[in-house]
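Chains as they are written, first to last, in my numbering: chain A, 12 to 126; chain B, 12 to 126.
Note that the Cβ used here is the ideal one computed from N, Cα and C, for glycine as well.
For reference, the structure is listed below as structure tokens.
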DNA sequence: CCCACCAATCGTCTATCGACGATAAACGTT
DNA sequence: AACGTTTATCGTCGATAGACGATTGGTGGG
């Protein structure tokens, strides 16, 4: 019989996209930056992103109990980050493994540094 | 009698704060980054910020007719940027002169690059 | 002194965010 | 097949964002 939590940090996160193209059009770049900024425009999402960057191995519900938020709320934040392309989720058995999309983070940095 | 617009780019923006301290606490840093990100989480605000960075001289209502938005809407966006500390407004006669707060932008870059 | 101009504020409206509990969906295990 | 575990989704609620028109507030010019 299992205990409680199975904090198994599986070795997921396989491909890792190279790096989304930096938009040539100014308007496109502005929209891109705005979208990425909105994705990290909440402390919890910043915390999640940082958490995923630190542990290159992915995590799942570990995130939930590192944050003072309900599971459903964390799931929504994860969805926003995923929709923005900053992270990627992968079903790993019963759990889901999230990991950073390094290219997207690089794009964010490039866009911010290009201000 | 004057023509229409007086696109006078006056030499405002005097002191320029050095650079706000990068928060030591993780939570503080997350909150800081989230707040700054929220400030640029809209294409119009990114456009405004970029516009102000390019022309180190400040501008005012020039911003309004570079954007497809009503004057009041632009004013609100400016307020958000100002509240976030990213820009500074200074009454220059009848017009108001906005300019970038370089330290805040530097802080934003530092926080993003520190992800 | 009044007027024109520029910017900020107010009031309103709709849409989205953020949070939660409850429920559903997927999977491994027994 | 039924169960428990894990995550996503739904429904709700209050709060906030985003947009606009209209109004107010300053300031310089007549």
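Contact of residue 64 of chain A with chain B by beta-carbon distance below 9 Å involves 126. Distance from the CA of residue 116 of chain B to the CA of residue 48 of chain B, rounded to the nearest whole angstrom, comes to 11 Å. Using beta-carbon distances, residue 88 of chain B does not count as an interface residue toward chain A, since no partner is under 8 Å. At least 8 Å separates the CB of residue 33 of chain A from every CB of chain B. With the rule of 3 Cβ pairs closer than 8 Å, the stretch 63-73 of chain B does not count as touching the stretch 40-55 of chain B. Taking the CA atoms as reference points, residue 46 of chain A sits about 24 Å from residue 99 of chain B. With contacts defined as CB atoms closer than 8 Å, residue 78 of chain B and residue 111 of chain B fail to qualify as a contacting pair.
Contact residues of the stretch 50-84 of chain A toward chain B are 50, 51, 52, 53, 54, 55, 56, 57, 58, 60, 61, 64 (C-beta to C-beta distance below 9 Å). Every alpha helix (DSSP H) of 4 residues or more that sits fully in the stretch 34-121 of chain B is shown, in chain order, as 37-50, 54-65, 82-94. A distance below 8 Å between beta-carbons, with the five flanking residues on each side excluded, links residue 89 of chain B to the following residues of its chain, in chain order: 59, 74, 98, 100, 109. No Cβ-Cβ contact shorter than 8 Å links residue 126 of chain A with residue 106 of chain B. About 20 Å separates the beta carbon of residue 91 of chain B from that of residue 66 of chain B, a gap too long to meet the 8 Å contact definition. Straight-line spacing of the CA atoms in residue 32 of chain B and residue 122 of chain B works out to 11 Å.
For residue 30 of chain B, the CB contacts under 7 Å within the same chain, skipping 5 residues up- and downstream, are 114, 117, 118 in chain order. Only buried fits residue 96 of chain B, as 16 or more other CB atoms lie within 10 angstroms of its CB. The Cβ atoms of residue 52 of chain B and residue 52 of chain A lie closer than 8 Å to each other. Per the coordinates, the alpha-carbon of residue 50 of chain A lies some 14 Å from the alpha-carbon of residue 120 of chain A. In summary, residue 85 of chain B is buried, with 16 or more beta-carbon neighbours lying within 10 Å of its beta-carbon over all protein chains present. Interface annotation, residue 115 of chain A: not in contact with chain B, CB-CB separation never under 8 Å. At least 8 Å separates the CB of residue 93 of chain A from every CB of chain B.
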